[in-house]
Amino acid sequence: MKFIKFKNEQESSKYVADLIVKKINHNPKLILGLATGSTPVKLYSLLVENYKTSTHPKTDWSHVKTFNLDEYIGVNYHDAVSYHSFMAKNLFNHVNVNHHNTFFPDPKIDYDELIKENGGIDLQILGIGANGHIGFNEVGSPQHSLTWLVDLVPATIEANAKKYFDGNIDLVPKKALSMGLGSIINAKEIILLAFGASKTEAIKKLKTATKFDINFPASFLVNHKNVTIIVDEGVDVDL
Ligand code: F6R
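Structure below.
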């Protein structure tokens, strides 16, 4: 696992945005794995900025395919809180990605099979929960699970209530479909982003992890050969 620290969220996100643009220019049929949450918002805005301003070459998303990590169950895709809406608002509506090429876990499809049929994920972008969760793979998630139906734990429900529902826990969806740790590990390359002091403990644990620990889901990353962890100076860890 490689760790890189940048000054702030802007510089970290710029590094990743530049890398993604380079990969798309090199391989127009790039398969991207994407996350939601506050962490990748800056990255997505920089990708949008690049799309609007790039010229020679103009970044072309028309053949790129994207697979998102997770989506709530029981929320209409058009609802503002759905991850479909989040991605549309932050990225998909502003670049020339073909909407038929953007995928989310769905109870009606075998998501892992679909990813495999498309050749697998070239680059997976991840955030991390303060407790080490990845996607909706919470503490106790098995290492080899594929896309699965999960019950959100109270801490995640509370965090989501604060972020998206004015603190009202009753409005937060309690179930989600999430790529499993066993799905994510199949990506050819993984970049995990973590910003701010609230991620310090999780990154400290990740830094010292040597094998998978069911009490710390992010530790599954020790079993992948091409992982980069990108943090900002808010994350108080010596790297
Ligand atoms: C969402 C996802 C989650 C977030 C995590 C961190 O697709 O994968 O695991 O990455 O909850 O959330 P933020 O980025 O809001 O701190």
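Be aware that the sequence shown starts at 138, since it is given in our numbering, and climbs by one per residue. By construction, the Cβ of each residue, glycine as well, lies at the ideal position given by its N, Cα and C atoms.
Open item on the list: Spatial neighbours of T173 within its chain, please: C-beta separation below 6 Å, excluding the five flanking residues on both sides.
Closed with: Y220, F223
Task: Inter-residue spacing [alpha-carbon to alpha-carbon] between K331 and F273 - done: The identity of residue 331 in the sequence shown is Ala, whereas the question assumes Lys. Cα-Cα distance, rounded: 16 Å.
Open item on the list: Please report the straight-line C-alpha distance between L286 and D247, rounded to a whole angstrom.
Closed with: 12 Å
- [ ] Would you mind stating whether V212 and P310 have Cβ atoms separated by less than 8 Å?
- [x] yes
TODO: Use the C-beta contact count for H163: other C-beta atoms within 10 angstroms, 16 or more gives buried, fewer gives exposed.
DONE: exposed
TODO: Can you give me the Cβ contacts of F353 inside the same chain, cut-off strictly under 6 Å, excluding the 5 residues immediately before and after it?
DONE: G269, K342
Task: Exposure label - L169; buried when at least 16 CB within 10 Å - done: buried
Open item on the list: Using a 10 Å radius around the Cβ and a threshold of 16 neighbouring Cβ atoms, would you call A324 buried or exposed?
Closed with: buried
Open item on the list: Are the CB atoms of T203 and L171 within a distance shorter than 8 Å?
Closed with: yes
Open item on the list: With a threshold of 7 Å (Cβ to nearest heavy atom), would H270 be considered close to the ligand F6R?
Closed with: yes
- [ ] Specify whether the stretch 179-199 and the stretch 231-238 touch according to this definition: at least 3 beta carbon pairs, one from each stretch, less than 8 Å apart.
- [x] yes
Task: Cβ shell of V372 (< 6 Å), same chain only, five flanking positions each side left out - done: A331, K336, T337, I340
TODO: Kindly indicate which three-state DSSP category T365 falls into: helix, strand or coil?
DONE: strand
TODO: Taking T347 as part of the beta strand (DSSP E), name the residues at either end of that continuous run.
DONE: Unbroken run through T347: none, as it is neither H nor E.
Open item on the list: Let's see if you can read the secondary structure: which residues bound the alpha helix (DSSP H) around V287?
Closed with: V287 -> not in any alpha helix (DSSP H); beta strand (DSSP E) instead, spanning 285-288.
Open item on the list: DSSP three-state label for G170, please.
Closed with: strand
- [ ] Using only the heavy atoms of the ligand F6R, determine whether one of them is closer than 7 Å to the beta carbon of I265.
- [x] yes
Task: Same chain only: Cβ atoms within 8 Å of G257, ignoring 5 sequence neighbours per side - done: I168, N323, A324, K325
Task: Cα-Cα separation between H237 and D375, rounded to whole angstroms - done: 43 Å
Open item on the list: Is L260 near the ligand F6R - that is, is its Cβ less than 7 Å away from at least one heavy atom of it?
Closed with: no
Task: Check: D89 C-beta below 7 Å from any heavy atom of the ligand F6R - done: Outside the shown range of the chain, which is 138 to 376, sits residue 89, and nothing can be said about it.
Task: E326 in three-state terms, based on DSSP - done: strand
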